[in-house]
Structures are given as C-alpha cells and as structure tokens.
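Under the working numbering, the very last position in the sequence shown is 107; numbers go up by exactly one each time.
Below is one structure, written out as structure tokens, with a few remarks after it.
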Amino acid sequence: MSVIDTIKEQIEKNPILLYMKGTPRFPQCGFSSRASEAVMNCGERFAFVNILENPEIRAELPKYANWPTFPQLWVQGELVGGCDIICEMAASGELETLIKQVAAEQGADEA
C-alpha cells in the first residue's frame, strides 16, 4: 500500500481526523496544541495521526491535501483547515456544531 493509499484510507475510515505533531495529550507544537484542544472541547471522539511518528505521511499529506502545514483537520473526508481556521470555527461555535453533527450521524449509522 502506498503512502497516499494509507492517507486516503485514514481519511475515509475516520469521520473526524486530526493530523498533528504529537498527540492530543502531548502535543509537540503550539499550533497542534491549540487545534487539538479546540476539537477536544467539542466533547466528541476523534482520530488523530502523529505525523512526527509517520515521516512518510508528513511528507506526502501536504501534496495530497494541497495544504502545506500541520495540523490538518479532516471531517467526513473533507479538509476543514489548519490551526487558524479550526480556532476561528471554535470561537464562532461552528466547529462544535460540525463535530457534534458528524458524531451524531456516526452514532445513527452504528445503531
């Protein structure tokens, strides 16, 4: 499986996915810290990929996404954006609405 195939599979299988430096509990940069905190504050489960432990994904995802920086939040297969967009959406309430809607749809699909 190629790195791009792995990325596509991760995005497909995880309705809420954050590519970040470090982990939500131990972020390794300020931007990843702020982004993961904003997503965690929505109160729903989400997947994450620590790009520091996955150098191939770190190298290839910016090309695939056409987005040069990390973190990157993907929701239902679509790139939402990076730290600034995530934090702006959190401040306006948009992020929580989006995350809760997707989580509710996942719960309904699993029931």
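Ideal placement from N, C-alpha and C gives every residue a C-beta, glycine not left out.
field: Under the three-state DSSP convention, the category residue 68 falls into
entry: strand
message: For residue 72 and residue 40, what's the separation of their Cα atoms in angstroms?
response: 14 Å
message: Out of 101, 90, 45, which one is the CA nearest neighbour of residue 24?
response: 45
message: On the DSSP letters alone, give me the boundaries of the alpha helix (DSSP H) that residue 36 sits inside.
response: 26 to 36
query: Closest by CA to residue 21, which one among 1, 34, 99, 89?
result: 34
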